[in-house]
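Protein chains in written order, with this note's numbering: chain A, 71 to 475; chain B, 71 to 475. Written below as structure tokens is the structure these notes are about.
Protein chains: 2
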Amino acid sequence: MAASGLVHLVTGLANREPPRGFSDAEYESRVTRAQELMAARDIDVLLLTTEPEVRYFSGFLTQFWQSPTRPWFLLVPASGKPVAVIPEIGAPLMARTWIDDVRSWPAPRPDDDGVSLLAETVAELGAASGRVGVLMGPETLLRMPLADYARLQGAVPHATFCDATDVLRTLRMVKSEAEIAKIAHVCGLASDAFEALGTRVEVGQSLREVFRTFRIALLEAGADDVPYLVGASARGGYADVISPPGDNPLEPGDVLMLDTGALHDGYHCDFDRNFAIGQADDDARRAYATLYAATDAGLAACRPGATCADLYHAMRDTIAKNGYPVGNVGRLGHGLGMQLTEWPSNTASDTTELVAGMVLTLEPGLEIAPGRGMVHEENLVVREDGPQLLSRRAPPELPVVAGQG
Amino acid sequence: MAASGLVHLVTGLANREPPRGFSDAEYESRVTRAQELMAARDIDVLLLTTEPEVRYFSGFLTQFWQSPTRPWFLLVPASGKPVAVIPEIGAPLMARTWIDDVRSWPAPRPDDDGVSLLAETVAELGAASGRVGVLMGPETLLRMPLADYARLQGAVPHATFCDATDVLRTLRMVKSEAEIAKIAHVCGLASDAFEALGTRVEVGQSLREVFRTFRIALLEAGADDVPYLVGASARGGYADVISPPGDNPLEPGDVLMLDTGALHDGYHCDFDRNFAIGQADDDARRAYATLYAATDAGLAACRPGATCADLYHAMRDTIAKNGYPVGNVGRLGHGLGMQLTEWPSNTASDTTELVAGMVLTLEPGLEIAPGRGMVHEENLVVREDGPQLLSRRAPPELPVVAGQG
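Structure below.
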């Protein structure tokens with residue numbers, strides 16, 4: 071009943087592919103907001119090194135980040151457009167974004183892989199004796215060699231390097247309608263692929279074959295890529311929710327779970343589905359129903375002004391009331407967007423206040439018995455009047471597939 | 071002629087799927103070699119935070135690294151087996167590796183995301199006043215928040231953190247036969263998929279559709295995943311070799327290039343193929359023939375004792391002799407393995423000596439005219455008597471596909 075008022079966005083709407091990329095106006099607005107937050111924190115320039123952050127302000131989208139060889143830098147000054155300091159190989163692609171000032175060097179050049187060019191640019195942007203904001207906080211990393219970071223600090227000895235995690239976290243947690251449309255679209259594609267999968271799995275198929283079938287189904291449905299696909303199939307439930315597939319065949323009584331982060335135009339879905347193979351025992355049915363009810367409770371608690379901790383407690387209480395311990399995942403959902411998982415986390419200690427435009431997963435999990443559990447996951451966007459589901463909701467009862475009859 | 075004596079490994083042999091994983095003996099040998107190198111450099115414990123390094127010593131293989139939320143640590147002590155310090159969610163999977171000592175905490179826990187447990191373990195492994203080796207050099211990064219790294223240093227105030235890049239670089243550059251078999255296998259799968267692609271592309275197809283078709287063909291051929299697929303299609307050549315596909319249709323006179331890093335059991339191929347759409351102009355044919363000859367020259371120069379710079383010069387000289395500038399890629403090939411690109415680089419300044427067991431790409435590129443170029447790529451393993459191709463060699467003349475006939 072908690073979920074009865076929810077709009078299911080997916081059908082129809084989400085399967086119309088939204089336009090690729092973003093308007094220049096959207097990038098301008100991101101930069102302006104960043105500069106307001108920088109001013110309030112006395113940050114003179116943001117130094118960004120990671121794929122989502124560089125892309126967030128520039129639109130630079132490429133799988134070339136898979137190669138660890140070359141560092142990439144985007145500088146957001148106190149005013150004006152960002153400046154890219156990147157390897158030559160990326161200059162033609164960056165020149166096609168809204169960024170005007172693209173500086174490059176012939177990387178790889180290990181004895182000076184952009185460091186001197188970066189230091190010059192930091193100084194030119196007015197931060198030679200100022201504060202350079204770098205991501206240092208939870209869920210971040212510095213994507214450049216530590217030794218080069220030390221060299222950079224040496225090359226601008228009067229600059230102070232400070233933590234800018236808060237700036238990026240604040241901005242990126244709240245999605246624009248254009249971002250939401252991309253996530254909704256890929257959620258719709260994955261919902262289609264999950265429904266199709268239920269009709270295709272068979273007793274005796276190896277889990278590896280199921281993964282391959284599902285990955286192809288996602289691509290055929292229209293996903294650009296499937297960077298994340300994990301899952302398990304085990305009798306009455308599973309313990310391990312992050313594994314690649316083995317060659318174990320699906321057996322009657324297994325619970326099969328697949329969890330996917332598919333991509334559309336650089337934005338992820340992240341949800342799973344559970345299937346009983348051939349038959350479902352009472353334990354598995356009851357665990358499933360509990361997680362469905364926990365998701366209902368999470369949805370009911372989800373509105374602007376509530377906190378992530380509220381979502382956590384709503385789901386956890388439902389799980390506990392039914393007599394289960396929560397699983398080993400460490401949280402019951404998280405932010406979602408350019409990355410498979412983003413700030414915030416649905417944990418007891420995360421008091422982040424929900425704001426309209428946040429895209430979140432609800433991911434209640436429980437332990438049926440030691441080493442055997444179950445996880446549910448749905449994706450939603452927080453709206454002024456409550457949650458709007460982006461994934462097409464899982465069925466209320468554990469679906470049985472690959473039946474003999 | 072230079073390439074005439076080469077064994078083409080792919081046919082038959084490489085398409086038999088090698089066993090998954092590695093023997094415990096292989097992990098033991100990796101750890102023993104690491105400990106020898108550590109002893110020579112006076113390193114008491116290696117602190118590893120990145121996916122390939124953690125996997126190299128443990129066998130821990132999961133796509134969960136896509137989530138940036140949680141840090142993962144593997145410690146290699148001066149003697150004995152590595153110790154894993156990881157989030158609870160990963161403990162069941164790590165317990166299935168050869169690692170015995172798995173310590174975990176309920177991550178995410180931003181106020182102490184494994185830092186105190188890690189510090190305790192560093193001390194217990196004898197490095198409280200010793201030297202902790204961390205990757206700081208070219209092509210590396212630290213995959214934990216900078217603020218947590220500072221906290222860790224504060225928690226073991228008498229330890230010295232030093233650069234261990236050299237240890238990992240030395241070890242990982244030379245592949246075992248089991249590693250080579252995995253790379254050879256995925257090279258064979260991609261060779262099959264490229265050959266099939268040539269028969270499937272059509273004038274008018276969008277580049278996005280070609281990408282989707284090829285990604286699916288790779289999965290159908292048996293690849294586990296396709297984390298890297300870039301390319302271009304443009305009249306007589308292309309400038310940008312790292313882009314995602316657009317909606318532009320293939321047109322007669324285009325040169326279509328696809329470059330893929332597909333995966334088998336955590337190991338990559340990385341090579342491209344070029345196709346002329348409908349017809350090939352003389353410029354494109356001559357550029358293709360030049361790159362084929364440059365690859366021949368690279369193969370001829372490739373033997374133990376030669377250097378990466380020798381490979382670079384052999385390829386570059388052939389390109390220059392034919393009157394072309396090299397492209398904007400910055401190097402003419404690189405190492406290959408668990409990562410799409412690894413040390414070393416075929417550049418004028420990389421004097422790494424080739425050793426039997428190194429897996430490399432030869433990647434000559436040139437500029438036909440400003441903003442228009444071409445790139446070739448092949449994968450090989452260095453053997454005592456010269457190179458052994460792992461990719462099935464591209465045809466010597468630019469293949470024309472999607473003809474009207």
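Cβ coordinates follow ideal geometry from the N, Cα and C atoms, glycine included. In this text the structure is predicted, and so the values were computed from the model without any measurement.
Would you decide whether residue i is buried or exposed? Buried here means 16 or more other CB atoms lie within 10 Å of its CB.
| i | result |
| --- | --- |
| B/Thr132 | buried |
| B/Asp112 | exposed |
| A/Gly252 | Rather than Gly, the amino acid found at residue 252 of chain A in this sequence is Lys. A/Lys252 should be labelled buried. |
| B/Ser149 | exposed |
| A/Glu423 | exposed |
| B/Pro465 | exposed |
| B/Thr269 | exposed |
| B/Thr119 | buried |
| A/Thr421 | exposed |
| A/His446 | buried |
In terms of alpha-carbon separation, which member of the options lies closest to residue i?
| i | options | result |
| --- | --- | --- |
| B/Gly348 | B/Asp366, B/Leu326 and B/Thr283 | B/Leu326 |
| A/Leu430 | A/Gly443, A/Glu437, A/Arg86 and A/Leu459 | A/Leu459 |
| B/Glu123 | B/Glu194, B/Gly403, B/Pro227 and B/Met243 | B/Met243 |
| A/Leu468 | A/Thr360, A/Val451, A/Ala248 and A/Pro374 | A/Thr360 |
| B/Gly306 | B/Pro147, B/Gly443, B/Ala148 and B/Glu447 | B/Gly443 |
| A/Ser461 | A/Met428, A/Pro89, A/Leu145 and A/Ala260 | A/Ala260 |
| B/Phe185 | B/Pro208, B/Ile156, B/Asp455 and B/Gly316 | The residue you asked about is not Phe; residue 185 of chain B is Val in the sequence shown. Residue B/Ile156 is the option with its Cα nearest to B/Val185. |
| A/Val451 | A/Ser313, A/Pro395, A/Glu249 and A/Glu265 | A/Glu249 |
| B/Arg373 | B/Arg401, B/Glu454 and B/Asp387 | B/Glu454 |
| B/Ala225 | B/Ala197, B/Gln105, B/Ser246 and B/Phe264 | B/Ala197 |
I want to verify the contact list: residues of chain A whose CB lies under 7 angstroms from the CB of residue i, in sequence order.
| i | result |
| --- | --- |
| B/Leu163 | Asp310, Ile312 and Ser313 |
| B/Met206 | Pro215, Leu216 and Ala217 |
| B/Gln275 | Within chain A, no residue comes near B/Gln275; the closest Cβ sits about 16 angstroms away, beyond 7 angstroms. |
| B/Glu209 | Pro138 and Thr139 |
So is residue i in contact with chain B if we call contact Cβ pairs under 8 angstroms?
| i | result |
| --- | --- |
| A/Leu117 | no |
| A/Ser137 | yes |
| A/Thr365 | no |
| A/Asp455 | no |
| A/Asp233 | yes |
| A/Gly477 | Only positions 71 to 475 of chain A appear in the structure, and residue 477 of chain A is not among them; the question remains open. |
| A/Asp342 | no |
| A/Val471 | no |
| A/Ala254 | no |
| A/Asp183 | yes |
| A/Leu222 | no |
State yes or no: is the C-beta of residue i nearer than 7 angstroms to some heavy atom of the ligand ZN?
| i | result |
| --- | --- |
| B/Ala266 | For the structure depicted, the ligand ZN is absent and the ligand set is empty, with no information on it obtainable. |
Against chain A, with Cβ distances strictly below 8 angstroms, would residue i count as a contact?
| i | result |
| --- | --- |
| B/Ile159 | yes |
| B/Tyr337 | no |
| B/Ala426 | no |
| B/Ser303 | no |
| B/Thr411 | yes |
| B/Leu383 | Note that residue 383 of chain B is His in the sequence shown here, rather than Leu. So, not an interface residue. |
| B/Pro178 | yes |
| B/Val399 | yes |
| B/Val325 | no |
| B/Ser461 | no |
| B/Val202 | no |
Do you know offhand how far residue i's Cα is from residue j's?
| i | j | result |
| --- | --- | --- |
| A/Glu98 | A/Val296 | 30 angstroms |
| A/Val471 | B/Gly473 | 45 angstroms |
| B/Thr102 | B/Ala165 | 21 angstroms |
| B/Met71 | B/Asn392 | Any reading at B/Met71 needs caution, since the residue's pLDDT is 32, under 50, leaving its predicted position unreliable; the model's value is listed next. Using only the alpha carbons, I get a separation of about 18 angstroms. |
| B/Thr81 | A/Met214 | Below a pLDDT of 50, predicted positions are generally treated as unreliable, and B/Thr81, at 43, falls in that range; the measurement from the model is reported next regardless. Going from the Cα of B/Thr81 to the Cα of A/Met214 covers about 40 angstroms. |
| B/Leu211 | A/Ala418 | 31 angstroms |
| A/Ile169 | A/Ile159 | 16 angstroms |
| A/His338 | B/Tyr382 | 39 angstroms |
| B/Val172 | A/Pro319 | 29 angstroms |
| A/Gln136 | A/Asp353 | 42 angstroms |
Which residues of chain B have a Cβ atom closer than 8 angstroms to the Cβ of residue i, listed in chain order?
| i | result |
| --- | --- |
| A/Ile286 | Ile286, Leu289 and Glu290 |
List the residues of chain B whose Cβ lies closer than 7 angstroms to the Cβ of residue i, in chain order.
| i | result |
| --- | --- |
| A/Leu131 | Pro314 |
| A/Arg54 | For residue 54 of chain A there is no data in the structure shown, the boundaries of chain A being 71 and 475. |
Using a cut-off of 9 angstroms between C-beta atoms, extract the partners of residue i located in chain B.
| i | result |
| --- | --- |
| A/Ser415 | Thr139, Pro178 and Pro180 |
| A/Asp236 | Simply none; closest approach about 12 angstroms. |
| A/Pro297 | Gln133, Gln136, Asp295 and Pro297 |
>> Which residues of the segment 87 to 109 of chain A have a Cβ closer than 9 angstroms to any Cβ of chain E? Give them in chain order.
In response: Absent from the structure: chain E. Protein chains present are A and B.
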